[in-house]
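**Q** First, the structure itself, so that you have it in front of you.
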Amino acid sequence: MMAERFPIDKLQLIETPFYYYDTELLRETLDTIKAEIRNYPGYEVHYAVKANANPRILKIIREAGLGADCVSGGEIKAAIQAGFPAGSVVYAGVGKSDWEINLGLDLGIGCFNVESLPELEIISALAKGRGTTANVAFRINPNIGAHTHPNITTGYAENKFGIPMRDMESMILHAAELPNINFVGLHFHIGSQILDMDDFIALCNRINELQDQLELHHIAVGSINVGGGLGVDYHHPDQMPIADFRKYFRTFTKFLKLRPGQTLHFELGRSVVAQCGSLITRVLYVKQGDFKKFLIVDAGMSDLIRPALYQAYHKIENITSDKPVETYDVVGPICESSDTFGKAIDLPGSARGDLMAIRSAGAYGEIMASGYNCRSLPKGYFSDELEEYVD
Ligand code: LLP
C-alpha cells in the first residue's frame, strides 16, 4: 500500500475517477530544473503546455518562471490566461491557422517555430497586414531517430514535422527578404519519452554540423531550441519521482557547441508533470474469466488513453488493500478491448470499492481525455487543496 503518498481518507470522499496531483512533487521538480540551469544564464526552459494544461498546473509552472511552448491558439490562450508573459511563448505546429497566427502576432509572442515555406509566407503577409514583425525560428527536421515508441518520434525525414535540412539555408535567405519577418533561430524536436542520452548527443552533433554549414555562408543564428523529450521512469515512480535533469542539461552543455551570445531553449513537458499526477479509480467488479481474473474499474481509456494508444505502461496500485497478492487484468468500462490499463498485474487481493492509483499520469493524461461513450471528462484535484474539496 502506498498510503504515505496518498491521503486515502480524503480521496475516498471524492467521486471517482479523477486525477490527483501532488503539488509538492511538482514544485520540487520545478526547483530541480531551476537549480540545474542556474549556472547557465543563456538556458531557457519553456513548459510544453500540451502535456497538461490544467489551469492550476499552468499557474504553478508559471510561478516557477518557466516560459510556455504552445502548439495551438487554444494553448496560447491557456498560457496567457495562466499569466505566462507573451514574450516567453514559443509556438510550433505544422498547421497553424490564420486566426492562430494573428493571435500570436497580436499578443507579441516570443517566437513562431515555422515548419514550412508556405507557412513562412503567410506569417509574413499577416504580420505585414497588422503592421508588426514576427520573430521566427525554423523547425528543422534533423532526420534523427529516437529510441521511443514510433507514434512519438518526430525527427525522422519521413515524419511530417519540420523543414528538410537541405532547404534550411534557402529558407533563411528567403526570410531575410520577406517583409515583417525577423529570423531568430533554429528549432528541433526529435521525439518524446527519450531516456537514452545518445539520442540527444546525436541531435547535438547534427546541430553542430548545421551551424558549421551556416557559418560558411555567414549566416548568424541567435538561438537554438532543442525541443523536449526527456523521459520519466514509468516503472519506478517512487524511486525516480524526478527525472535526471542534471544528466539531461549536462549532455547539451557538453556536446552542443553554442556560439557566443546564443541562447539555448528547451521545451519540456512530460518530465515536468508526469510523476506528480495519478489517475484515481475505484474497483467496480472483480470478474473471473475462463483464463484470468479481471478487475473492472470505473476509469477508462477516455480518461487515460496512453495504454490503449501507445501500449504504454503505467504502474497500477491498489491503495486501500493489503491482502495477499493476486494476478489481474485491469480494465475499464468502455466498449473496446483496448480499454485495458494493464495485463497480468500482481496486486493485493482487490474487491469492489477499493481505490486504485494509476501512476505517472500527470503528462498526456487529463489533457488527452475524451468524451467517448458519452463519459464525463475527469476532474483534477490537488494535494494542497483537498480540504476545500471535501469539506
Ligand atoms: N516540443 C515539441 C515540438 C513537441 O512536439 C513536444 C511533444 C514537446 C516539445 C514536448 O515533449 P515532451 O518533453 O513532453 O516529451 N501524447 C504522447 C506524447 C506526444 C508528444 C508530442 N510532442 C504520449 O502520451 O506519450
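Every position in the sequence shown, counted from 1, becomes a number in the numbering used here once 1137 is added.
For each residue, glycine too, the CB sits at the ideal point set by N, CA and C.
Keep in mind the model is a prediction, meaning the values are calculated, not measured.
(1) If we ignore side chains and look at the alpha-carbon of each, how far apart do residue 1253 and residue 1208 end up?
(2) On the DSSP bridge assignment, give the partners of residue 1206 in chain order.
(3) Which value, in whole angstroms, describes the spacing of the CA atoms of residue 1484 and residue 1516?
(4) What's the gap between the Cα of residue 1242 and the Cα of residue 1270?
(5) If you drop the 5 nearest sequence neighbours on each side, which residues of the same chain put their C-beta closer than 6 Å to that of residue 1487?
(6) Using three-state DSSP, classify residue 1211 as helix, strand or coil.
(7) To which residues of the same chain is residue 1379 closer than 6 Å at the C-beta, ignoring the five residues directly before and after it?
(8) Looking at the structure shown, is residue 1154 part of a helix, part of a strand, or coil, going by DSSP?
(9) From residue 1232 to residue 1194, what does the alpha carbon distance come to, in whole angstroms?
(10) Rank 1273, 1518, 1439 and 1309 by C-alpha distance to the C-alpha of residue 1414 and give the top, closest one.
(11) Quick check on DSSP: helix, strand or coil for residue 1276?
(12) Does the structure place the stretch 1343-1350 close enough to the stretch 1308-1317 that three or more beta carbon pairs sit under 8 Å?
(13) Hey, residue 1157 and residue 1449: beta-carbon distance below 9 Å or not?
(14) Since residue 1262 is in the alpha helix (DSSP H), which residue starts that stretch and which ends it?
(15) Quick check: is any heavy atom of the ligand LLP less than 8 Å from the C-beta of residue 1412?
(16) Can you tell me whether residue 1404 sits near the ligand LLP, meaning its C-beta is under 8 Å from at least one heavy atom of the ligand?
(17) Suppose the cutoff is 8 Å on Cβ atoms and the five residues either side in sequence are ignored; what does the same chain contact list for residue 1239 look like?
(18) What is the DSSP secondary structure of residue 1417, counted as helix, strand or coil?
(19) If you run the structure through DSSP and keep just helix, strand and coil, what is residue 1269?
(20) Can you list, in chain order, the residues of its chain whose CB lies under 7 Å from that of residue 1174, leaving out five sequence neighbours each side?
(21) Which first and last residues belong to the alpha helix (DSSP H) in which residue 1317 is found?
(22) Taking the alpha-carbon positions, what's the residue 1369 to residue 1377 distance?
(23) State buried or exposed for residue 1425, treating a residue as buried only when at least 16 other CB atoms are found within 10 Å of its CB.
(24) When the distance is taken between beta carbons, is residue 1216 closer than 9 Å to residue 1199?
(25) Cutting at 7 Å between CB atoms, please list the residues of its own chain near residue 1440, excluding the five before and the five after it.
(26) Can you tell me which residues form a DSSP beta bridge with residue 1360?
(27) Starting from residue 1336, follow the beta strand (DSSP E) in both directions and report where the run begins and ends.
(28) Are the beta-carbon atoms belonging to residue 1429 and residue 1466 less than 9 Å from one another?
**A** Walking through what the data contain:
(1) Counting from 1 along the sequence shown, the entry for residue 1253 is found at position 116. Counting from 1 along the sequence shown, the entry for residue 1208 is found at position 71. C-alpha separation (whole angstroms): 15 Å.
(2) In the sequence shown, the residue the question calls residue 1206 occupies position 69. As DSSP reads the structure, residue 1206 sits in a beta bridge with 1185 and 1227.
(3) The count along the sequence shown starts at 1 and reaches residue 1484 at position 347. The count along the sequence shown starts at 1 and reaches residue 1516 at position 379. Rounded to whole angstroms, residue 1484 to residue 1516 spans 26 Å at the Cα level.
(4) Counted from its first residue, the sequence shown places residue 1242 at position 105. Counted from its first residue, the sequence shown places residue 1270 at position 133. Each residue's alpha carbon lies about 8 Å from the other.
(5) Taking the sequence shown and counting its residues from 1, the one referred to as residue 1487 is at position 350. If we look at residue 1487 and ignore the five residues flanking it on each side, its Cβ neighbours are 1420, 1432, 1455 and 1458.
(6) Counting from one through the sequence shown, the residue named residue 1211 turns up at place 74. Residue 1211: helix per DSSP, three-state reduction.
(7) Indexing the sequence shown from 1 puts residue 1379 at position 242. So the list reads 1166 and 1169, once near-sequence residues are dropped.
(8) By one-based count along the sequence shown, residue 1154 stands at place 17. Three-state result, residue 1154: coil.
(9) Mapped onto the sequence shown, residue 1232 falls at position 95. Mapped onto the sequence shown, residue 1194 falls at position 57. The alpha-carbon atoms of residue 1232 and residue 1194 are separated by roughly 26 Å.
(10) Residue 1414 sits at position 277 when you count from the first residue of the sequence shown. Between residue 1414 and the set 1273, 1518, 1439 and 1309, the nearest pair of CA atoms involves 1518.
(11) For the purposes of this step, residue 1276 is taken as the residue at position 139 of the sequence shown. Correct three-state label for residue 1276: strand.
(12) no
(13) Walking along the sequence shown from the start, residue 1157 turns up at place 20. Walking along the sequence shown from the start, residue 1449 turns up at place 312. It is not a contact, given that the beta carbons lie outside the stated cut-off.
(14) Taking the sequence shown and counting its residues from 1, the one referred to as residue 1262 is at position 125. Looking at the DSSP string, the run of the alpha helix (DSSP H) that includes residue 1262 is 1254-1266.
(15) Numbered from its first residue, the sequence shown carries residue 1412 at position 275. No, Cβ of residue 1412 sits at least 8 Å from all heavy atoms of the ligand LLP.
(16) The residue you call residue 1404 lines up with position 267 of the sequence shown. Yes, Cβ of residue 1404 sits closer than 8 Å to a heavy atom of the ligand LLP.
(17) Within the sequence shown, numbered from 1, the residue matching residue 1239 stands at position 102. The answer, listed in chain order, is 1263 and 1267.
(18) Mapped onto the sequence shown, residue 1417 falls at position 280. Three-state DSSP puts residue 1417 in a strand.
(19) Position 132 of the sequence shown, counted from the start, is the residue given in the question as residue 1269. Reduced to three states, the DSSP call for residue 1269 is coil.
(20) Looking up residue 1174 in the sequence shown gives position 37. Within the same chain, residue 1174 has close Cβ partners 1180, 1182 and 1386.
(21) Taking the sequence shown and counting its residues from 1, one reaches residue 1317 at position 180. Segment: none, residue 1317 is in no alpha helix (DSSP H) and carries neither H nor E.
(22) Locating residue 1369 in the sequence shown gives position 232, where the first residue counts as 1. Locating residue 1377 in the sequence shown gives position 240, where the first residue counts as 1. C-alpha separation (whole angstroms): 8 Å.
(23) The residue labelled residue 1425 in the question sits at position 288 within the sequence shown. Residue 1425 sits exposed, since fewer than 16 C-beta atoms from the chains shown fall within 10 Å of its C-beta.
(24) As a working mapping, residue 1199 is identified with position 62 in the sequence shown. As a working mapping, residue 1216 is identified with position 79 in the sequence shown. Result yes, Cβ atoms of residue 1199 and residue 1216 sit closer than 9 Å.
(25) Residue numbering aside, residue 1440 sits at position 303 when the sequence shown is read from its first letter. Counting only Cβ-Cβ distances below 7 Å, and skipping sequence neighbours, we find 1154, 1416, 1506 and 1515.
(26) Position 223 of the sequence shown holds residue 1360. Residue 1360 pairs with 1322 and 1400.
(27) Taking the sequence shown and counting its residues from 1, one reaches residue 1336 at position 199. Segment 1334-1353 is the alpha helix (DSSP H) holding residue 1336; no beta strand (DSSP E) there.
(28) Stepping through the sequence shown from its first residue, residue 1429 is reached at position 292. Stepping through the sequence shown from its first residue, residue 1466 is reached at position 329. Yes, the Cβ-Cβ distance between residue 1429 and residue 1466 is below 9 Å.
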